[in-house]
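Counting from 7, one number per residue, gives the positions in the sequence shown under the working numbering. Heads up, the beta-carbon is just placed ideally off N, CA and C, and yes, glycines get one too. To start, the structure itself, in C-alpha cells.
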Amino acid sequence: MRKVLKSDKRPLEIKPQQESVWICMCGLSKNQPFCDGSHKTTRDEEDGKTYEYDAEGHRHEL
Ligand code: FES
Numbered sequence: 007m008r009k010v011l012k013s014d015k016r017p018l019e020i021k022p023q024q025e026s027v028w029i030c031m032c033g034l035s036k037n038q039p040f041c042d043g044s045h046k047t048t049r050d051e052e053d054g055k056t057y058e059y060d061a062e063g064h065r066h067e068l
C-alpha cells in the first residue's frame, strides 16, 4: 500500500476508445490519469506496510 495525494476536485471523462486505455491505480504515474509503467517500482512492496514516494521516486516506509 502507498500513500497517494490527489489534488483534482472533479472526475476526468474518458471518451469511448478504439483500444484499451490503462488508468493508473498505483498513483505513481507521471502521466496521470494514465499508466506509464511506474507501477513496476511497487512490485517489492511488502504486504501490510504503507509507503510514500518522493518527487524523485524514492520510496520511504511510513
Ligand atoms: S498503475 Fe500506476 S503507473 Fe501503472
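When the options are compared against residue i, the one with the closest alpha-carbon
i	options	result
residue 69	26, 45, 25, 33	Any question about residue 69 goes unanswered here, given that the chain covers just 7 to 68.
residue 40	61, 49, 30, 17	30
Cα-Cα separation between residue i and residue j, rounded to whole angstroms
i	j	result
residue 64	residue 21	34 Å
residue 46	residue 28	14 Å
residue 78	residue 37	Past the boundaries of the shown model lies residue 78; the chain is included only from 7 to 68, so the question cannot be answered.
residue 68	residue 26	34 Å
residue 15	residue 35	18 Å
residue 53	residue 18	30 Å
Inter-residue CB distance, residue i and residue j (contact presumed, cutoff 8 Å)
i	j	result
residue 57	residue 51	6 Å
Residue-level contact to chain C via CB, residue i, 8 Å cutoff
i	result
residue 25	In the displayed structure, chain C is absent; only one protein chain is listed.
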